[in-house]
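Residue numbers (my numbering): 32 to 193.
Remarks on the structure that follows.
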């Protein structure tokens, strides 16, 4: 294999491999981001890794998503300058490991709802286990199926280049 072909193969793998292992987590599964849902119970048993995404689904205008620190989570208060996500289909990429806190900034949803989520993000792994079965299992299988498709495409390209 020539050095230019090897470079192309490595470039393709560098671009595609992070997306192959990422998982999209629909926060709250079929209930979405709303009040009266136990988000800590939802998160329990799930393993979040760098590169994964949290997807917050809710009717636009009914809720918001604020990324806060531990104090903001406890007090249901966002630090000054925090930008609220309000699209109703907010996607947050988990780019760094560590503790992550999210709250709803609408009315008293965080305090009374309690519409808030705390997770711990693990460093990127070459293989991230599938989340435990929940009502989003079908969604996770669909996402994993798409990743499998990308893997087949990459293998096919490599086969053509070799």
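Ideal placement from N, C-alpha and C gives every residue a C-beta, glycine not left out.
Predicted model, so just to flag it, every value in this text is computed and none were measured.
- The region 105 to 112 makes no contact with the region 71 to 79; the number of CB pairs closer than 8 Å stays below 3.
- In the DSSP assignment, the residues bridged to residue 121 are 87.
- A buried status is given to residue 54, since no fewer than 16 other beta-carbon atoms sit within 10 Å of its beta-carbon.
- In the three-state scheme derived from DSSP, where H, G and I count as helix and E and B as strand, residue 64 is classed as coil.
- Straight-line measurement puts the Cα of residue 63 at about 12 Å from the Cα of residue 93.
- Under the three-state reduction of DSSP output, residue 114 falls in the coil class, being neither helix nor strand.
- Excluding sequence positions up to five before and after residue 87, its CB lies within less than 6 Å of the CB of 58, 64, 96 and 121, all in the same chain and listed in chain order.
- Non-local C-beta neighbours of residue 99 in its own chain, meaning closer than 6 Å and more than five positions away in sequence, comprise 109, 132 and 134, ordered along the chain.
- Taking the Cβ atoms as the reference, residue 117 lies roughly 19 Å from residue 142, outside the contact range of under 8 Å.
- The C-beta of residue 144 has 16 or more other C-beta atoms within 10 Å across all chains shown, which makes the residue buried.
- In this structure, DSSP gives residue 101 a helical state, which the three-state scheme calls helix.
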